[in-house]
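One structure is given here, and the rest of the page talks about it.
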Amino acid sequence: MTVEHNGAEDIDRALALLWHVREQHPEPVRGRRPRLAVGRIVEVAIGVADAEGLVAASMHRVAKELGAGTMTLYTYVPGKAELLDLMVDQVLSERRLPGPGDERPADWRTQVLLYSDRTREIYRHHPWLREASRVRPALGPGHLAGQEYLLSILDSLGLEAAQVTAAAGALGTYIDANAALEAESAHLERVTGQSDDAWWDQRSVFWHRYFPVERHPTMARVWENGGFVLTAAEQAAQAYDFGLNRLLDGIEELVA
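Add 42 to the 1-based position in the sequence shown for the working numbering, that's all there is to it.
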């Protein structure tokens, strides 16, 4: 899978588009109203990516869907990198996480689970999100809202500032990485028409003919004691819940 990176050259213009602090369309010519708006361009680009993957959401393709010329699109959005920033941030905004002063669950662990559930939901609805690098994120409102929410949860526990950022980073990375894996699994099932369980069933001969038990005694013992009886989806869900809860247990112990 190719991961697409952002890399806007005109940082000020990219940030202005993300935060809506400048006009998002050219001045109308001879009194005509502009045909396009950045919000509509982003909406169409997301729709293309949802249906066909991120690589399909090129400037040319999005312009075609809008019934406009490709060069016209560049007068609204400088390029694909900036468009990708806008798409990712718009999708992140769909989480609708509680902001400062908004009502939220009373228990801090439940607040983290809310972040987890809504993050995994946007990856399900927009599986192309797994293809967009989050290493150098666009500093838009969607991204910052997620950061603010996680940091506010951990800051409320009385941790030191460095511990707050470390814990938020650990939780955010764990949740995003697993949401991306879940989206990848769903994508493979959709494009191949084969479930993960069917894929494993096709390879069942491996365990009978090729699996060297003497080299993997622990794996064999766990297998014989029922460690792999769940379906692939059930096992993934169990592993996710186990890992997230152990992270939360560790934070809770640190607080105590």
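The beta-carbon is built from N, C-alpha and C at its ideal position, and this holds for glycine as well.
Around the Cβ of residue i, are there at least 16 other Cβ atoms within 10 angstroms (buried) or fewer (exposed)?
i	result
Ala79	exposed
Gly182	buried
Gln244	exposed
Tyr157	buried
Ala204	exposed
Pro254	exposed
Tyr165	buried
Trp249	exposed
Ile53	exposed
Pull up the CB-CB distance for residue i and residue j, whole angstroms please, since I reckon it's below 8 Å.
i	j	result
Val97	Ile83	Actually they do not touch by this definition, with Cβ atoms about 18 Å apart.
Met101	Leu115	5 Å
Leu57	Asp131	So it is not a contact: roughly 11 Å between Cβ atoms.
Arg146	Gln153	6 Å
Ala110	Arg138	About 31 Å separates the two Cβ atoms, so there is no contact after all.
Ala187	Ser135	7 Å
Ala278	Glu224	7 Å
Taking DSSP as the reference, what is the three-state secondary structure of residue i?
i	result
Gly200	coil
Ala298	coil
Asp131	helix
His258	coil
Arg77	coil
Asp54	helix
His168	coil
His185	helix
Gly89	helix
Arg103	helix
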